[in-house]
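Residue 1 is where the sequence shown starts when you use this note's numbering, and the numbers rise one by one after that.
Presented below is the structure to which this report refers.
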Amino acid sequence: MRKGFLILIPLVICVAVLAGFIFIYNLGITKENEHSTVAVIKQEETKPRSQINVVTTPKPEASKELKRDESLKIVAVGDILLGRGVGSRLKEQKKDFTYPFKQVADLLRKGDVIFGNLEEPITDKTHSLTGIKEGGKWVLKNDVAAFEGIKYAGFNLLNLANNHILDYYEDGLFDTLDILDKSGIVYTGAGKNIDQARKLAVIEKKGVKVGMLSYTDMSEVLYKGNPPLRFKAENNKAGVSPLEYDFSIKPAKYDYKAMEQDIKKVRSSVDILIVSLHWGQEESFDVLPEQINFAHHIIDSGADIILGHHPHQFQGIEIYKGKPIVYSMGNFIFDQNDPENQESFILEFEYNNKKLSDFSAIPVRTIQKTQVVPQTGKSAESLLNREMELSKKLSSECTLKNDRIVFGVN
Ligand SMILES: [Zn+2]
Numbered sequence: 001m002r003k004g005f006l007i008l009i010p011l012v013i014c015v016a017v018l019a020g021f022i023f024i025y026n027l028g029i030t031k032e033n034e035h036s037t038v039a040v041i042k043q044e045e046t047k048p049r050s051q052i053n054v055v056t057t058p059k060p061e062a063s064k065e066l067k068r069d070e071s072l073k074i075v076a077v078g079d080i081l082l083g084r085g086v087g088s089r090l091k092e093q094k095k096d097f098t099y100p101f102k103q104v105a106d107l108l109r110k111g112d113v114i115f116g117n118l119e120e121p122i123t124d125k126t127h128s129l130t131g132i133k134e135g136g137k138w139v140l141k142n143d144v145a146a147f148e149g150i151k152y153a154g155f156n157l158l159n160l161a162n163n164h165i166l167d168y169y170e171d172g173l174f175d176t177l178d179i180l181d182k183s184g185i186v187y188t189g190a191g192k193n194i195d196q197a198r199k200l201a202v203i204e205k206k207g208v209k210v211g212m213l214s215y216t217d218m219s220e221v222l223y224k225g226n227p228p229l230r231f232k233a234e235n236n237k238a239g240v241s242p243l244e245y246d247f248s249i250k251p252a253k254y255d256y257k258a259m260e261q262d263i264k265k266v267r268s269s270v271d272i273l274i275v276s277l278h279w280g281q282e283e284s285f286d287v288l289p290e291q292i293n294f295a296h297h298i299i300d301s302g303a304d305i306i307l308g309h310h311p312h313q314f315q316g317i318e319i320y321k322g323k324p325i326v327y328s329m330g331n332f333i334f335d336q337n338d339p340e341n342q343e344s345f346i347l348e349f350e351y352n353n354k355k356l357s358d359f360s361a362i363p364v365r366t367i368q369k370t371q372v373v374p375q376t377g378k379s380a381e382s383l384l385n386r387e388m389e390l391s392k393k394l395s396s397e398c399t400l401k402n403d404r405i406v407f408g409v410n
């Protein structure tokens, strides 16, 4: 009886200490949430529980593992299109929508945050803007089934500010928002009104809050259709978030004032701030001087990374004051014909204690318009050399290491 009592004492102490730890930890979480001024959507963790567990344990091996986990990885890629020529080829070959990502899923899922530009709505609607053959535009959409591929690849942060997301009018956009909302994927750049389109998207991983604002310079274009449509969102109109122009200057130039205000408003609520820009010259490796000026302003206003897209080709990367400016990430998966439009990079940004410590680019190529494949050795050479040259023109320090480009960030 007495012996049993003696064994019980250390057991009770252990339980009390553990309860204390859990109480303090929960207190920390509540405090953090109270200070948050923006809507935070916590992602479903896809990693094994052992890696995300924050409860302290006395074993030295476990604390080592915890230390490694302190680094946060953001992975980013360019335009995603699973419709049109990609979709029809997959159907012909009786392949599902996970096939395009089979060889890159492991690389993508290494990210805590995995970004892509969703270049077209996910919808089964059929009423679209006027197609190219009828004198309109290229009209794009993803089958609803294509969403399986996006989930499989691991994307959890998507840009919707672009020139195709309303190709099937607001109904196509609403279907997309619905699917993303249900899946818990964080997005921004388009919404049911201007406030939603411009809202800050926040994704929190390992206690680090990553925020994103998205804009496109294509929001003022009036597209042919029944009715014709301008994509810009307004107070009572669904649409995309505009990268504003200053029309008082001839020719009109990008106006950074509205974006600067947005950045200042949200800066203190997140640890890392991404600005996603759907902009620039299509089918070109050239970055315009106006884009460079604008990007510098945005970084000076408080952004940590600029992720550009739209030109369909992967342009040079600039490191400005230690912050990466990716002018255009090209096509990640698309059905265009030119070899340059089938080449891009998977970008890996690594943050330690919320500071960028490593930044590198892994070359990939879309093969037969259906699958993205990492490139190594001889097949990677032309891609790596071109990107090194384009980035050096923007004064970036970059070196080749194991078939990837490593950028100097300090
Ligand atoms: Zn575009």
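Ideal placement from N, C-alpha and C gives every residue a C-beta, glycine not left out.
As the structure is a prediction and not an experimental result, all values here were calculated from the model.
From the DSSP secondary-structure annotation, give me the bridge partner or partners of residue i.
{"i": "glycine 191", "result": "Gly239"}
{"i": "serine 344", "result": "Val364"}
{"i": "tyrosine 223", "result": "Leu229"}
{"i": "phenylalanine 147", "result": "Beta-bridge pairing links phenylalanine 147 to no other residue."}
{"i": "threonine 399", "result": "Val406"}
{"i": "glutamine 371", "result": "Ile367"}
{"i": "isoleucine 122", "result": "Asn142"}
{"i": "methionine 329", "result": "Phe314"}
{"i": "serine 245", "result": "According to the sequence shown, residue 245 is tyrosine rather than serine. According to DSSP, tyrosine 245 bridges with Tyr254."}
{"i": "isoleucine 114", "result": "Val75"}
{"i": "lysine 416", "result": "This structure cannot speak to residue 416, because the chain is shown only from 1 to 410."}
{"i": "valine 186", "result": "Leu157"}
For the beta strand (DSSP E) containing residue i, name the first residue and the last one.
{"i": "isoleucine 306", "result": "305-309"}
{"i": "proline 159", "result": "One point to set straight first is that residue 159 is asparagine, not proline, in the sequence displayed. Unbroken beta strand (DSSP E) run through asparagine 159: 157-159."}
{"i": "arginine 205", "result": "One detail in the question is off: residue 205 reads as lysine in this sequence, not arginine. Note, lysine 205: beta strand (DSSP E), 201-205."}
{"i": "glutamate 318", "result": "317-320"}
{"i": "leucine 129", "result": "Run containing leucine 129: none; DSSP gives neither H nor E here."}
{"i": "lysine 209", "result": "208-216"}
{"i": "isoleucine 274", "result": "272-278"}
Starting from the Cα of residue i, find the closest Cα among the options and give me that residue.
{"i": "isoleucine 272", "options": "Ala258, Tyr256, Gly302, Tyr245", "result": "Gly302"}
{"i": "tyrosine 320", "options": "Ile185, Lys392, Gly280, Asp255", "result": "Lys392"}
{"i": "lysine 411", "options": "Tyr168, Leu307, His297, Tyr254", "result": "An answer regarding residue 411 cannot be provided, because it is not within the stretch 1 to 410 covered by the chain."}
{"i": "leucine 383", "options": "Leu288, Ala238, Asp255, Leu400", "result": "Leu400"}
{"i": "arginine 267", "options": "Gln336, Gly211, Ala105", "result": "Gly211"}
{"i": "isoleucine 362", "options": "Gly377, Ile346, Leu356", "result": "Ile346"}
{"i": "leucine 158", "options": "Ser276, Phe97, Ile333, Arg198", "result": "Ser276"}
{"i": "proline 339", "options": "Lys369, Leu72, Lys253", "result": "Lys369"}
{"i": "tyrosine 256", "options": "His296, Lys224, Asn236", "result": "His296"}
{"i": "alanine 380", "options": "Asn352, Phe359, Leu390, Glu343", "result": "Glu343"}
{"i": "lysine 253", "options": "Ser241, Asn163, Trp279, Phe97", "result": "Trp279"}
{"i": "glutamate 260", "options": "Ile298, Glu244, Leu243", "result": "Ile298"}
{"i": "alanine 105", "options": "Gly87, Thr123, Lys133, Glu148", "result": "Glu148"}
{"i": "tyrosine 428", "options": "Glu350, Tyr223, Ser241, Lys237", "result": "Beyond the ends of the chain as shown, which are 1 and 410, falls residue 428; an answer cannot be given."}
With respect to 7 Å, is the separation between the Cβ of residue i and the closest non-hydrogen atom of ligand 3 below this value?
{"i": "glutamate 119", "result": "Ligands present in the displayed structure are limited to ligand 1, and ligand 3 is not among them."}
In the DSSP assignment, find the alpha helix (DSSP H) that holds residue i and state where it starts and stops.
{"i": "glycine 377", "result": "377-393"}
{"i": "leucine 107", "result": "105-109"}
{"i": "alanine 76", "result": "Unbroken run through alanine 76 is the beta strand (DSSP E), 72-80; no alpha helix (DSSP H)."}
{"i": "proline 324", "result": "No alpha helix (DSSP H) contains proline 324, which is instead part of the beta strand (DSSP E) from 323-326."}
{"i": "leucine 177", "result": "169-183"}
{"i": "leucine 90", "result": "84-92"}
{"i": "asparagine 162", "result": "First-last for asparagine 162: undefined, no H or E at that position."}
{"i": "asparagine 293", "result": "289-301"}
Quick one: using the 10 Å Cβ neighbour count with 16 as the cut-off for buried, is residue i buried or exposed?
{"i": "proline 246", "result": "As written in the sequence, residue 246 is aspartate, which differs from the proline given in the question. That one is exposed."}
{"i": "glycine 172", "result": "buried"}
{"i": "asparagine 385", "result": "exposed"}
{"i": "proline 121", "result": "buried"}
{"i": "threonine 176", "result": "buried"}
{"i": "glycine 116", "result": "buried"}
{"i": "isoleucine 249", "result": "exposed"}
{"i": "aspartate 335", "result": "buried"}
{"i": "asparagine 142", "result": "buried"}
{"i": "serine 396", "result": "buried"}
{"i": "serine 50", "result": "In this prediction, serine 50 has a pLDDT of 36, which is less than 50 and means its spatial position is unreliable; what the coordinates show is noted afterwards. Exposed, since its Cβ has fewer than 16 Cβ neighbours within 10 Å."}
{"i": "leucine 416", "result": "For the chain, the structure presents residues 1 to 410; residue 416 sits outside this window and is missing."}
{"i": "lysine 199", "result": "buried"}
{"i": "leucine 390", "result": "buried"}
{"i": "leucine 140", "result": "buried"}
{"i": "valine 364", "result": "buried"}
{"i": "serine 357", "result": "exposed"}
{"i": "isoleucine 114", "result": "buried"}
{"i": "glycine 78", "result": "buried"}
{"i": "leucine 307", "result": "buried"}
{"i": "glutamate 119", "result": "buried"}
{"i": "glutamate 44", "result": "Low confidence applies here, because glutamate 44 scores a pLDDT of 36, under 50, leaving its location unreliable and the question unanswered by this model."}
{"i": "glutamine 93", "result": "exposed"}
Is residue i close to chain C? Criterion is C-beta to C-beta, closer than 8 Å.
{"i": "cysteine 398", "result": "As a matter of chain content, chain C is missing from the structure shown, which is built from one protein chain."}
Taking contact to mean at least 3 C-beta pairs separated by less than 8 Å, is the segment 196-206 in contact with the segment 145-155?
With the cut-off at 8 Å, the segment 196-206 and the segment 145-155 do not touch.
Just checking, does the segment 325-339 make contact with the segment 283-296 on the three C-beta pairs under 8 Å criterion?
Segments in contact, yes.
Count the CB pairs spanning the segment 403-410 and the segment 120-133 that are closer than 8 Å, and state whether there are at least three.
No, they do not touch.
Is the segment 290-298 in contact with the segment 218-233, if contact means three or more CB pairs nearer than 8 Å?
A contact between stretches requires three or more CB pairs, one per stretch, nearer than 8 Å, and the segment 290-298 fails this requirement with the segment 218-233.
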